[in-house]
Structures are given as structure tokens and as C-alpha cells.
Amino acid sequence: MDGFKALEDSQGYDCKFETTMRSCNYRYTSSSVQLATYLSSTMGFANSLCSFFLLLLLALVIYEVNAQPLVPAMFIFGDSVVDAGNNNHLYTIVKANFAPYGRDFANHKPTGRFCNGKLASDLTAENLGFTSYPPAYLSKKARGKNLLIGANFASAASGYYETTAKLYNAIPLSQQLKNYKEYQNKIVGIAGKSNASSIISGSIYLISAGSSDFIQNYYINPLLYKVYTPDQFSDLLIQSYTNFIQDLYKLGARKIGVTSLPPLGCLPAAVTIFGSDSNECVAKLNKVAVSFNNKLNSTAQSLLNKLSGLNMLVFDIYQPLYDLVTKPADFGFVEARKACCGTGLVETSILCNAKSPGTCANASEYVFWDGFHPSEAANKILADDLLTSGIALIF
């Protein structure tokens, strides 16, 4: 209550204190961004009520500025968790542009997203007020004014380790960065130099990588696991991550969000392949993910100390996804060990197809859509968590 009293006195709001809910009304026209920022810094949103209240405030912000997005654009880099269709245009087996992928997306058609519907990055774009999604950069939609809201450069099977992408003929982060440089030249021609500069500096940059490096490379590649310990391999990835962030910064990025590794040992395919006939999460894989995430966070702090004006967050998706897997009923899910597609044990990409036997009827009951990727229902929970934890990045 003291926090709301201070808000009333200093920020110009009339606040009513009730037994179950606190409500604030404007005394004068003021930005609700101030309110959201004040609450974020002073109250911490320690419980679900406050988190929900924050989401309402952000929705109010969007309405207050005539439905304009909270940031000029979004730029997305990384792997299959955020690939919106770039791999459709590559000679690779790692694709998702066929049924049953996309069956719950708009028009019920596959787009190349590794999901039954929307990705967490799609839902994040919606939460930020965008009415369409940053187009996959290699797609025909990535033209003209469509580029004003950003672009998606991600490629399934890519990672921090350059060779991971090359194994699957995906787009490595180094090439994703080159594509972004090309984008910058295009946006200057479309919007003008001044507007382009504002877009580049004011937008959010989202990076999701690392899972493929471990699951689709290190643990199945004797040229790696016989040479490097998991900890040593993590150090190689962290160095690549550091270089990528620094390169993005040099190109003008100032608001950067990086997702942590998920609980690798809880992915259905990982349990099947590495679980030794157990249906439990593979502890050694989760331990590696936790260790890597600790390095990710400490490196992010070092970069913040080093790079002036950088606003950067590491989004923890490990714990939220772990909670979904270990306590699915608490979130309305029925199944967390198996994925929806096929047998749910290992299928992904070409193994998850229209003829895969056993595909579930209702993906919203499943935490995972295929052997490696969350369902849209799980992505909604992850995206909401990204929003509440990323308030400082937005404002």
C-alpha cells in the first residue's frame, strides 16, 4: 500500500486500496509507461496478481498511443525455436513447411515454424502491439514496407557454434548477421537515413540459440565430445555469443534480449535418446544447461559493463519450461513427457509429417508439439513470462 501511496503522491494517480485488488485512475493525462516503470522498479511484481496487472498496463500503453507498438521493430536471430520460415528456402532436411506443422496457425497452413501454431516470438510481437510478424528474411514477404517492423533471420539447426549450422546446411549466426547488414542498407532506402537510425537503435533484438549446439551436434558428434568436456564446449559457445552481441552492438543494436537454454534433458526427444529407458528428465543434460545459463548471465553482465548504452537481458526460459514439464496439470496440460506429433517420443522435422501415426487431436493439452519444440499453448505461457521479465528492456 505504501508503494501505491507514493505513486499517488508523486506520479499523479488516484489509487483505491481494496482487499483483493488495487486500482489506479488518472488525475491528469500522463504516460502509463511511467506507471509500469514505477511498479517494475519499486514493487518487483513478486506475485501473479502484479504480473497480470503489468500485462494490463502494457495493453493500456498500446491503446494510449493509438495502437502503436511499444518498439519500432523486432529483429530475431537464432535457431528453430524462432525460425519463421527461412529454412523453407534452403536445401536442408531441417524444415517444417508441411503438415501437420502449422495446423493451428492462421489459415491452418504450415509456414516453416516448428510448431502447431505461433512461436513464442510471434506471441511476443503481439504482446508488444504488432499486428503482423517480422517476416522471414528469405521469404517474399521481406520486401518494401514490410521490413519497417523488422525481420526474422533465424534458421533451424543454427547455433552459436558455426559448424552446427553447417552440418545441416542451415544459416549460421555469422551469415544471419550479414543478412542483417543487408537489411540495414534496404531500410535506409525505404525509410530514409534518420528514420532507419531510429528503427535500428530503438528496436528489440531477440536471440535464441544453443540448444542445437548440444542436442544436434555435441552429444552426437564424437569429434566434439571426445575432444571437449561439456564445460569446455560451453566456453566455446559463450565466446561466440560474446562476439555476436558485440557485433550487433557495433551495428547499432541497443536493446538485446537473449533466451537461456531450456531444460535440455526434458525435451521429449532428449529423454528418448539419452534417458536410458527412463521417462524422467535427463539430469546430466539439465546440469549442463544450468551451467551454460550461469555463464550466459555473467557474460551478459560483463557486456553491460563494457558497452555504453547497451540494454540487455537474459530471459530465463529454463525454469518456466521446467515447471510446465514437471507440473503440467498446474498449467492446464495433460501430457508433458510425450509430444503431440506422432508417437511423441522423437519426431521432429521430416519425421513429424502428415502420415506420422498417433498425432494428437488437441495440441493445447501438450507441453510439446514435436520432440524438440513447445506447443503454441506452452509458447503462450513462455511469451507472457518474457514480457513480464522484459519490462526494463521495453522501456
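The numbering of the sequence shown is our numbering, which starts it at 119 and goes up by one.
Beta carbons are placed, not taken as given, at the ideal position from N, Cα and C, and that holds for glycine.
- The alpha-carbon separation between residue 297 and residue 271 amounts to approximately 7 Å.
- Bridge partners of residue 492 according to DSSP: 486.
- For residue 316, the closest C-alpha among the options 372, 479, 264 and 384 is that of 372.
- Judged by their CB atoms, residue 211 and residue 468 are nearer to each other than the 8 Å cut-off.
- Taking a 10 Å sphere around the C-beta of residue 340, we find fewer than 16 other C-beta atoms and assign the residue as exposed.
- For residue 284, there is no enclosing beta strand (DSSP E); the enclosing alpha helix (DSSP H) has its first and last residue at 280 to 285.
- Taking a contact to require three or more Cβ pairs closer than 8 Å, the segment 491 to 509 and the segment 427 to 443 qualify as touching.
- Ranked by Cα distance from residue 382, the options 346, 395 and 331 are led by 331.
- Taking a 10 Å sphere around the C-beta of residue 348, we find 16 or more other C-beta atoms and assign the residue as buried.
- For residue 223, there is no enclosing alpha helix (DSSP H), as DSSP marks it with neither H nor E.
- Restricting attention to 380, 463, 464 and 326, the CA atom closest to the CA of residue 401 is found in 380.
- Nearest Cα to residue 407 within the set 365, 433 and 328: 328.
- Judged by DSSP secondary structure, residue 429 falls outside any alpha helix (DSSP H) and instead within the beta strand (DSSP E) spanning 429 to 433.
- Comparing C-alpha distances from residue 257 to each of 365, 463 and 202 shows the shortest one belongs to 202.
- Listed in chain order, the alpha helix (DSSP H) elements of length 4 or more contained wholly in the segment 210 to 277 are 238 to 245.
- Scanning its chain for C-beta atoms nearer than 6 Å, with the 5 sequence neighbours on each side dropped, one finds around residue 449 the residues 442, in chain order.
- A distance below 8 Å separates the beta carbons of residue 269 and residue 252.
- Counting only residues of its own chain and dropping the five nearest sequence neighbours on each side, residue 207 has a CB closer than 6 Å to the CB of 256.
- For residue 362, the CB contacts under 6 Å within the same chain, skipping 5 residues up- and downstream, are 291 in chain order.
- Its Cα nearest to that of residue 307, the residue 265 stands out among 326, 265 and 276.
- If you draw a straight line from the Cα of residue 344 to the Cα of residue 355, it is about 17 Å long.
- Taking C-alpha positions only, residue 399 is separated from residue 389 by approximately 6 Å.
- Taking a C-beta distance under 8 Å as the contact criterion, residue 413 and residue 352 qualify as a contact pair.
- Within the same chain, Cβ atoms closer than 6 Å to the Cβ of residue 242 are found at 501 and 504, the five residues on either side in sequence being excluded.
- In the DSSP annotation of this structure, the continuous segment of the alpha helix (DSSP H) that includes residue 390 starts and ends at 386 to 392.
- In this structure, residue 396 sits away from residue 436, with a CB-CB distance that is not shorter than 8 Å.
- A distance below 6 Å between beta-carbons, with the five flanking residues on each side excluded, links residue 490 to the following residues of its chain, in chain order: 385, 387 and 466.
- Judged by DSSP in its simplified three-state form, residue 323 adopts strand.
- Just so you know, the alpha carbons of residue 185 and residue 267 end up roughly 14 Å apart.
- Taking the Cα of residue 259 as reference, the smallest distance to any Cα among 286, 229 and 277 is reached at 229.
- Put simply, of 494, 358 and 305 the residue whose alpha carbon is nearest the alpha carbon of residue 263 is 305.
- DSSP places residue 453 within a strand segment (E or B) once states are collapsed to three.
- The beta carbon of residue 483 sits closer than 7 Å to the beta carbons of 451, 452 and 453 from its chain, once the five residues preceding and following it are set aside; these are given in chain order.
- In the three-state reduction of the DSSP assignment, residue 333 falls in the helix class.
- The three-state secondary structure of residue 195, taken from DSSP, is strand.
- Leaving aside the five residues that flank residue 254 on each side, the residues in its chain whose CB is nearer than 6 Å to its CB run, in chain order, 202, 203, 204 and 270.
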